[in-house]
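Chemist: Quick mapping for you: the protein sequence lines, in order, are chains X and L.
Residues in the first sequence are numbered consecutively from 15, following our numbering.
Residues in the second sequence are numbered consecutively from 425, following our numbering.
First, the structure itself, so that you have it in front of you.
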Amino acid sequence: KQEVTQIPAALSVPEGENLVLNCSFTDSAIYNLQWFRQDPGKGLTSLLLIQSSQREQTSGRLNASLDKSSGRSTLYIAASQPGDSATYLCAVRMDTGRRALTFGSGTRLQVQP
Amino acid sequence: DTGVSQDPRHKITKRGQNVTFRCDPISEHNRLYWYRQTLGQGPEFLTYFQNEAQLEKSRLLSDRFSAERPKGSFSTLEIQRTEQGDSAMYLCASSSLQENSPLHFGNGTRLTVT
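Spelled out as structure tokens, the structure:
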């Protein structure tokens, strides 16, 4: 059974700092990995999707990397801003025949002005 | 594009009662998903529809849970004989048929079973 772990559970940084969020998964036979953002009391917003054959994806100040063989992904946020404060979740999809995502518990990020 | 809409936003019910939630996906999206999220945890997959066909169901979806998407547009999730352990946020998401199209989530229905 796939298990997804995110460390740390919470992180507080001053504005302007670059930061890295970590995601690990136990079964490396994934189809893709996605990063989401969730604001308090709201649904999730898709940030980045990395196919299993890819090493990284970039969108603006966000960069996600994937090391499938070691079961790890990182989300790098450059020049953090208070508006980046949210919970960041990673999720893996196992194969083309199934669409279910397995989520980690998230990292709660607070960027202090 | 008005986004994914869920109704109600909050539901408080007594144990043993039945509840039904509604999800209206983005109009052109063929795929619709239900997830459940408890406090401090990531969402857990419940079920997935492509048009009106229910193609995937989690083992989490016990006999008390049923989901429908009768005309391939809106969907309902019903929980019968609610238990306190059913208290959670129920999230709906939709996506297009394009492979790797992003999921668009609604703001969820928060269920409290007393």
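Glycine residues also receive a C-beta, built at the ideal position from the N, C-alpha and C atoms.
Measuring straight from C-alpha to C-alpha, what distance separates residue 457/L and residue 126/X?
Modeler: Here residue 457/L refers to the residue found at position 33 when the second sequence is read from its first residue. Here residue 126/X refers to the residue found at position 112 when the first sequence is read from its first residue. Near 35 Å, if we compare the C-alpha coordinates of residue 126/X and residue 457/L.
Chemist: Among 46/X, 72/X, 59/X and 40/X, whose alpha-carbon lies nearest the alpha-carbon of residue 100/X?
Modeler: Here residue 100/X corresponds to residue number 86 of the first sequence, with the count starting at 1. Minimum Cα distance to residue 100/X is reached at 59/X.
Chemist: Taking the alpha-carbon positions, what's the residue 490/L to residue 461/L distance?
Modeler: Position 66 of the second sequence, counted from the first residue, corresponds to residue 490/L. Position 37 of the second sequence, counted from the first residue, corresponds to residue 461/L. Using only the alpha carbons, I get a separation of about 17 Å.
Chemist: Around the C-beta of residue 34/X, are 16 or more other C-beta atoms found within 10 angstroms, so that it is buried, or is it exposed?
Modeler: Locating residue 34/X in the first sequence gives position 20, where the first residue counts as 1. Exposed, by the Cβ-count rule.
Chemist: Can you give me, in chain order, the residues of the region 525-538 of chain L that have a beta carbon less than 7 Å from any beta carbon in chain X?
Modeler: 526, 527, 529, 530, 531 and 532
Chemist: Which of helix, strand or coil does DSSP assign to residue 65/X?
Modeler: As a working note, residue 65/X is residue 51 in the first sequence. Strand, per DSSP.
Chemist: Can you check whether the C-beta of residue 117/X is within less than 7 Å of a C-beta belonging to chain L?
Modeler: Locating residue 117/X in the first sequence gives position 103, counting from the first residue. Chain L, which has a Cβ nearer than 7 Å to the Cβ of residue 117/X, makes this yes.
Chemist: My understanding is that residue 105/X touches residue 89/X, with C-beta atoms under 8 Å, so please give their C-beta distance in whole angstroms.
Modeler: In the first sequence, the residue the question calls residue 105/X occupies position 91. In the first sequence, the residue the question calls residue 89/X occupies position 75. That pair is no contact at about 12 Å.
Chemist: For residue 25/X and residue 117/X, what's the separation of their Cα atoms in angstroms?
Modeler: Counting from 1 along the first sequence, the entry for residue 25/X is found at position 11. Counting from 1 along the first sequence, the entry for residue 117/X is found at position 103. Spanning the two alpha carbons is a distance of roughly 19 Å.
Chemist: If the cut is a Cβ gap below 8 Å, which residues of chain X does residue 484/L touch?
Modeler: The sequence position of residue 484/L within the second sequence is 60, counting from 1. Residues of chain X passing the Cβ test: none, with the nearest at roughly 10 Å.
Chemist: Flag this pair as yes or no: are the beta carbons of residue 93/X and residue 75/X separated by less than 7 Å?
Modeler: Walking along the first sequence from the start, residue 93/X turns up at place 79. Walking along the first sequence from the start, residue 75/X turns up at place 61. Yes, Cβ-Cβ distance for residue 93/X and residue 75/X is below 7 Å.
Chemist: Please return the same chain residues whose Cβ sits closer than 6 Å to the Cβ of residue 481/L, not counting the five positions on each side in sequence.
Modeler: If you number the second sequence from 1, residue 481/L lands on position 57. If we look at residue 481/L and ignore the five residues flanking it on each side, its Cβ neighbours are 471.
Chemist: Say whether chain L places a C-beta atom closer than 7 Å to the C-beta of residue 114/X.
Modeler: Residue mapping note: residue 114/X aligns to position 100 of the first sequence, counting from 1. Yes - at least one Cβ of chain L is within 7 Å of the one on residue 114/X.
Chemist: So with CB distances below 9 Å, who are the chain L contacts of residue 103/X?
Modeler: The residue labelled residue 103/X in the question sits at position 89 within the first sequence. Here the neighbours are 466 and 467.
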